[in-house]
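Undergrad: Got a structure for you, written out below as structure tokens; questions coming shortly.
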Amino acid sequence: MPEDTSERMSRRNYLRFAGAASAVALAGCAGEDVEDFDDDDDGLDGDDGTDTGNGDDGDEDNHLHIAQTQNPTTLDPHDHRETTTDNVLLQAYEFHFERDLDGNLVEGLVTDWEILDEERYWIEIREDVPFHSGEDLLPSDSAFSINRVVDADVGNLQSPQSDQLAGVTGAEVADDGHAVVLHTDGPNPMTFANLGSYCPVVQEDWIMDREAEEVAADINGTGPYQLEEFVDGEHTDFTRFADYWGGEASIETLRIDASEEASTRINSLRAGEIDIATAVPPTDAGAIEGDDDTYIADAPSTRILMLPMRYDVEPFDSQEFRQAMNYAVDFDSIIDNVLSGFGDATAQPTLEGYFGHNPDLDPYPYDPERAEELVEESGHAGVEIELHVPAGRYLQSDEIAQACVGYIDDLDNVNCEINMRDFGELAGQLLDGDITSTPPFFLIGWGNTTFDAQNNLLPWLTGGTSQYTFVDDELEELILDARTEVDEDTREQLMMDACARAHDLAVFVFLNREYLIYGLNQRVQWDPTPDEYTRAYEMSLQ
Amino acid sequence: MSQYQFLIRRGLQGLLVVWGVVTLVFLLRFMTPGSPVDFVAPLDASPELRAQIARNLGLDQPIYVQYAQYLGGLIQGDMGYSYIRGRPASGIIVSRIPATLELAVAATVVAIICSIPLGVLSATRRHQPTDYAATTFSLVGISTPNFWLGIMLIMVVSVGLGILPTSRRPIGLIPAIELLIFQFETVGIRAWIAHMILPAVTLGTYFTAMIVRLTRSGMLDQLGQPYVEAARAKGLPETLVTYKHALRNTMIPIITVLGLQLGSLIGGAVITEFVFNWPGLGTLIIDAIRVRDWPIIQGALIVIGIGFVVINIVVDALYARLNPRVSLE
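Line by line, the protein sequences are chains A and B.
Residues in the first sequence are numbered consecutively from 2, following the numbering used here.
Residues in the second sequence are numbered consecutively from 512, following the numbering used here.
So, in structure tokens, the structure goes:
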């Protein structure tokens, strides 16, 4: 059927106009002011946003945008256990102590400290430190913060962080000076170290004057940034705190939000929408390095990956067999090929730079022949074993586990298979305090931000903890002696000896120290630290 | 049967379905390995602390007690407290509904705008290049996973061409409209549109492809009907025959599918929201599953289930109205 020419022309014109209009609309939608709008605070963008209204929008050139893997679940610094929540809160809250780049304790809100006796620990609180509310930090605020964590009857909270100050029974304002005395249930050399990694300082009156839900949605700390806006599940905005006791921050405004999907974070970075992407998979590091506007920065983390082996079941009750498992794995190759070089092989349960780390120990070399000999000597040749792995839990851990299983299975006299498990289910078996329900051979990652080997050794290698997998009388004695030894040199030697003993006993297949990999916009100047926190105060913009 | 009787009957049936969903979702927790305590408690928590946490979460009660408490709470709009956030789950879930609805509706609009003209063109130009292009698009659209399509669109359109933002929802639709109406500011609505385009295209592609096929087959069927020949014989322009007569009859099944698919889109938005960091129910569910935050998981699934039921009832009612040959009986 012949078509009407005028109608065809008309339709063409219509489509042409429609196309042009769409292009204009698209360009209009994606204009510069729209890009600016993304990070602006107009107080309208949250369905349930809490706009505290303190501070202005700031200069866009002096604005930093960080995308991490999770948004904070609460703004109450004592009511969570997530590093991602800490990463947001520690822009505004502070621990009692600070740490230098090597992880050593240095002055912070505490200016002096001393062990009074085995059960009393004294800390002097810095004077003239204002909270964001304008009131000064008092020793009573410090004592309240500690008591709120360790005592369920203080501060309207049963804190899930109570074990982080293990051994501390309470704190009170000292009789003289601007100081606090902590009480412990016995000698506790970790007391000060724990205050450098846990228990942010809050203001007593501010907490007690508010309902729990208000504390969970607002911030009043002493840190370099104050809360501008918190939109649950979307973003947290900060402005720098002009009266910060350590000096005003270089970067004026800060937004932290989250994209769980790594490719979304990386694409946002490459598109120039964010300045820092955390938790970059090693496989994506090349794409970021290859982009002129972005670069990779990395730091060794406080997390160690390991394959614990239960000492009370065959074949792992044999020292020869456990050592064979260590000799069987070519970990240098795994670091190169699976982790793209972002990892360090380990030789002991703790990490380099930690108090108690033994520098004389080297990782087990890759020697499959020696491994097969040791398996023969153990009397378990031909054994079938299974590695339980929490699926997708740590950086490339599935791939690392598969590679380890492949190496062990390549031994002529051992068959090894992998069992991918749900983390919750596996954790339930590990933590129920009953070693008989723990899988004989499994992968786990263990984080310890205290920079002290005790928190690596004690939970896994002394009987009676909720997750121990190995007990050796000599090793246990060393660890327990170190736990109550307050002389630093003696304690360090005890833990170094314990690490050497753990190496010889091959209590784990020692895997790698995880690396923190960040993608950064070229304008951001920052050296990442091992504690997994992206503190904007430590950064500057070009 | 009157319309009211029909609605009451379907409403009661819907309640039964919702009760089934609630029960199934509740039991899901007990079929899933691992305890929420494993996620809430620190890795080095003592057995005593774990038991205390279980007590605090009410997990130490027998299943039937937990079920009765949960049902009782739901009737009063109480979905429990989020294990992780420590706040009422209902408030958290409700705050995420607008984002998901916006995305689902936008994807539907994209699908309607693209699919129906494409389907009509494909049918009226059968075995011509336009038809082949439309059917190829339809095949590819149905076969392409949302997850992959979303990432590819971000890489090409956002990272490569720099035309649209990669992700996020900087402003909701209602605040954007408020900004436009009360402050005569267009930046909000433009930001909303710019951030909505890629997620809506990603979510709507499968839907578009499906409606193209449906429209094409429906149109082919209608174009062969005697009434179409009669219209042509009367001398009506072909455009009028196609769009006024044939398409109108084709629209009846399409509208039904559109309605039902809107419900599917709300559920299917999970992956799209995840890829585009869209703060809706989908990302909330994924976050909650990761940490076994069961009050959130259960509440969000129930809300989606209720959405399905309501949309089904509305579509059934509309269908009878659109097509008088269909009885409410």
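Cβ atoms here follow ideal geometry from the backbone N, Cα and C, with glycine treated the same way.
Note down the Cα distance separating Ile815 (chain B) from Thr655 (chain B), rounded to an integer number of angstroms.
TA: Within the second sequence, residue 815 (chain B) is the residue found at index 304, counting from 1. Within the second sequence, residue 655 (chain B) is the residue found at index 144, counting from 1. Their backbone Cα atoms lie some 24 Å apart in a straight line.
Undergrad: What are the partner residues of Asp413 (chain A), as DSSP defines its beta bridges?
TA: Taking the first residue of the first sequence as 1, we reach residue 413 (chain A) at position 412. In the DSSP output, where bridge partners are listed per residue, Asp413 (chain A) has none listed.
Undergrad: Could you check the C-alpha separation between Tyr830 (chain B) and Ala645 (chain B) for me, to the nearest Å?
TA: For the purposes of this step, residue 830 (chain B) is taken as the residue at position 319 of the second sequence. For the purposes of this step, residue 645 (chain B) is taken as the residue at position 134 of the second sequence. Looking at the two C-alpha atoms, the distance is approximately 28 Å.
Undergrad: In chain order, what residues of the same chain lie with their CB nearer than 6 Å to the CB of Leu91 (chain A), ignoring the 5 residues before and after it?
TA: If you number the first sequence from 1, residue 91 (chain A) lands on position 90. Cβ neighbours of Leu91 (chain A) beyond the five flanking positions: Tyr534.
Undergrad: Does the distance from the CB of Gly791 (chain B) to the CB of Ile608 (chain B) come in under 9 Å?
TA: One-based indexing of the second sequence puts residue 791 (chain B) at position 280. One-based indexing of the second sequence puts residue 608 (chain B) at position 97. It is a contact, given that the beta carbons lie within the stated cut-off.
Undergrad: To the nearest angstrom, how far is the alpha carbon of Tyr515 (chain B) from that of Gln809 (chain B)?
TA: The residue given as residue 515 (chain B) occupies position 4 in the second sequence. The residue given as residue 809 (chain B) occupies position 298 in the second sequence. Tyr515 (chain B) and Gln809 (chain B): Cα-Cα distance of roughly 31 Å.
Undergrad: Say the cut is 8 Å; is the CB of Thr439 (chain A) nearer than that to a heavy atom of the ligand MG?
TA: Absence of the ligand MG from the depicted structure is noted, as is the absence of any ligand whatsoever, leaving it without description.
Undergrad: For the beta strand (DSSP E) that contains Phe511 (chain A), what are its first and last residues?
TA: Position 510 of the first sequence, counted from the first residue, corresponds to residue 511 (chain A). Looking at the DSSP string, the run of the beta strand (DSSP E) that includes Phe511 (chain A) is Phe509 to Asn522.
Undergrad: Mind pulling the chain A residues with CB within less than 9 Å of Asp827 (chain B)?
TA: Here residue 827 (chain B) corresponds to residue number 316 of the second sequence, with the count starting at 1. What Asp827 (chain B) touches in chain A: nothing, since even the nearest Cβ is about 31 Å away.
Undergrad: Can you pull the chain B neighbours of Asp80 (chain A), defined as C-beta to C-beta under 8 Å?
TA: The residue labelled residue 80 (chain A) in the question sits at position 79 within the first sequence. Residues of chain B passing the Cβ test: Gly597.
Undergrad: Between the Cα of His64 (chain A) and the Cα atoms of A:Ala288, A:Glu515, A:Arg241 and A:Glu378, which residue gives the shortest distance?
TA: Mapped onto the first sequence, residue 64 (chain A) falls at position 63. For the residues A:Ala288, A:Glu515, A:Arg241 and A:Glu378, the minimum Cα distance to His64 (chain A) belongs to A:Arg241.
Undergrad: Could you give the DSSP three-state label for Asp337 (chain A): helix, strand or coil?
TA: To locate residue 337 (chain A), count along the first sequence from 1; it is residue 336. Of the three classes helix, strand and coil, the one that applies to Asp337 (chain A) here is helix, per DSSP.
Undergrad: Measure from the C-beta of Thr530 (chain A) to each C-beta in chain B and report whether the shortest distance is under 9 Å.
TA: Position 529 of the first sequence holds residue 530 (chain A). With 9 Å as the cut-off, Thr530 (chain A) does not count as an interface residue toward chain B.
Undergrad: Within 10 Å of its beta-carbon, does Val25 (chain A) have 16 or more other beta-carbons around it, so buried, or fewer, so exposed?
TA: Taking the first sequence and counting its residues from 1, one reaches residue 25 (chain A) at position 24. For Val25 (chain A), the predicted model reports a pLDDT of 49, less than 50, meaning its position is unreliable; a value from the coordinates is still stated below. Exposed: under 16 other Cβ atoms inside 10 Å.
Undergrad: Contact defined as beta carbons within less than 8 Å: I believe Leu76 (chain A) pairs with Ala259 (chain A). What is the distance between those atoms, to the nearest angstrom?
TA: Your numbering for residue 76 (chain A) matches position 75 in the first sequence. Your numbering for residue 259 (chain A) matches position 258 in the first sequence. Their Cβ separation, rounded to whole angstroms, is 14 Å, which puts Leu76 (chain A) and Ala259 (chain A) out of contact at 8 Å.
Undergrad: Against chain A, which members of the region 523-555 of chain B pass a CB distance test of less than 9 Å?
TA: Taking 9 Å as the Cβ-Cβ cut-off against chain A, the residues of the region 523-555 of chain B that qualify are Thr543, Pro544, Gly545, Ser546, Pro547, Val548, Asp549, Phe550, Val551, Ala552, Pro553, Leu554 and Asp555.
Undergrad: Determine the closest residue to Pro161 (chain A) out of A:Gly171, A:Tyr199 and A:Pro190, with distance taken between C-alpha atoms.
TA: Along the first sequence, one-based indexing puts residue 161 (chain A) at 160. When each option's Cα is compared against that of Pro161 (chain A), the closest is A:Tyr199.
Undergrad: May I have the straight-line CA-CA distance separating Ala562 (chain B) from Ala167 (chain A), to the nearest angstrom?
TA: Here residue 562 (chain B) refers to the residue found at position 51 of the second sequence. Here residue 167 (chain A) refers to the residue found at position 166 of the first sequence. Their backbone Cα atoms lie some 18 Å apart in a straight line.
Undergrad: Below 8 Å on C-beta distance, what does Thr677 (chain B) contact in chain A?
TA: By one-based count along the second sequence, residue 677 (chain B) stands at place 166. Ordered by position in chain A, the residues that pass the 8 Å Cβ test against Thr677 (chain B) are Thr265, Asn268, Ser269, Ala272 and Glu274.
Undergrad: Just list the beta strand (DSSP E) runs in the region 88-116 of chain A, keeping only unbroken ones of 3 residues or longer that don't cross its boundaries, in chain order.
TA: List check, beta strand (DSSP E) in window: nothing returned.
Undergrad: Just by C-beta distance, which residues in the region 424-446 of chain A are closer than 7 Å to chain B?
TA: Residues Gly425, Glu426, Ala428, Gly429, Leu432, Asp433 and Gly434.
Undergrad: Are the region 212-228 of chain A and the region 178-185 of chain A touching, with three or more C-beta to C-beta distances below 8 Å?
TA: No, the region 212-228 of chain A is not in contact with the region 178-185 of chain A.
Undergrad: Report, in whole angstroms, the separation of the C-beta atoms of Thr74 (chain A) and Ile604 (chain B), which I expect to be a contact under 8 Å.
TA: In the first sequence, residue 74 (chain A) corresponds to position 73, counting from 1. In the second sequence, residue 604 (chain B) corresponds to position 93, counting from 1. About 15 Å; that fails the 8 Å criterion.
Undergrad: Cβ of Ser467 (chain A) less than 9 Å from any chain B Cβ?
TA: Position 466 of the first sequence, counting from 1, holds the residue named residue 467 (chain A). With 9 Å as the cut-off, Ser467 (chain A) counts as an interface residue toward chain B.
Undergrad: Grab me the residues of Ile777 (chain B)'s own chain with a C-beta within less than 7 Å of its C-beta, minus the 5 sequence neighbours each way, in chain order.
TA: Looking up residue 777 (chain B) in the second sequence gives position 266. Hits under 7 Å: Thr611, Ala615, Ile815 and Gly818.
Undergrad: Would you please verify whether the beta carbon of Glu230 (chain A) is less than 9 Å from any beta carbon of chain B?
TA: One-based indexing of the first sequence puts residue 230 (chain A) at position 229. By this cut-off, Glu230 (chain A) is not an interface position.
Undergrad: Cβ of Ala93 (chain A) within 9 Å of Cβ of Gly222 (chain A)?
TA: For the purposes of this step, residue 93 (chain A) is taken as residue 92 along the first sequence, with counting starting at 1. For the purposes of this step, residue 222 (chain A) is taken as residue 221 along the first sequence, with counting starting at 1. Contact: yes.
Undergrad: Return helix, strand or coil for Asp244 (chain A), following the three-state DSSP convention.
TA: Locating residue 244 (chain A) in the first sequence gives position 243, counting from the first residue. Residue state, collapsed to three classes: coil.
Undergrad: Excluding the five sequence neighbours on either side, which residues of its own chain have a C-beta within less than 6 Å of the C-beta of Met542 (chain B), listed in chain order?
TA: By one-based count along the second sequence, residue 542 (chain B) stands at place 31. There are no such residues.
Undergrad: Measuring alpha carbon to alpha carbon, tell me which of B:Trp805, B:Val826 and B:Ala828 ends up nearest Ala600 (chain B).
TA: The residue you call residue 600 (chain B) lines up with position 89 of the second sequence. Here the closest residue by C-alpha is B:Trp805.
Undergrad: Does the beta carbon of Gly234 (chain A) come closer than 9 Å to any beta carbon on chain B?
TA: Start at 1 with the first residue of the first sequence, and residue 234 (chain A) comes out as number 233. So, interface residue.
Undergrad: How is Tyr367 (chain A) classed by DSSP in three states: helix, strand or coil?
TA: Looking up residue 367 (chain A) in the first sequence gives position 366. Note: Tyr367 (chain A) maps to coil in three-state DSSP.
Undergrad: Are the beta-carbon atoms of Gln204 (chain A) and Leu138 (chain A) separated by less than 9 Å?
TA: Counted from its first residue, the first sequence places residue 204 (chain A) at position 203. Counted from its first residue, the first sequence places residue 138 (chain A) at position 137. Yes, the Cβ-Cβ distance between Gln204 (chain A) and Leu138 (chain A) is below 9 Å.
Undergrad: Comparing alpha-carbon positions, which option in A:Asn420, A:Leu459 and A:Asn195 lies nearest Arg100 (chain A)?
TA: If you number the first sequence from 1, residue 100 (chain A) lands on position 99. Comparing Cα positions, the closest option is A:Asn195.
Undergrad: How long is the line joining the alpha carbons of Thr753 (chain B) and Ile624 (chain B), rounded to whole angstroms?
TA: As a first step, residue 753 (chain B) must be located in the second sequence, where it is residue number 242. As a first step, residue 624 (chain B) must be located in the second sequence, where it is residue number 113. Using only the alpha carbons, I get a separation of about 17 Å.
Undergrad: Taking 9 Å as the CB-CB cut-off, is Asp52 (chain A) touching chain B?
TA: The count along the first sequence starts at 1 and reaches residue 52 (chain A) at position 51. In this prediction, Asp52 (chain A) scores a pLDDT of 38, lower than 50, which makes its location untrustworthy; the coordinate-derived value is nonetheless stated afterwards. Asp52 (chain A) does not count as touching chain B.
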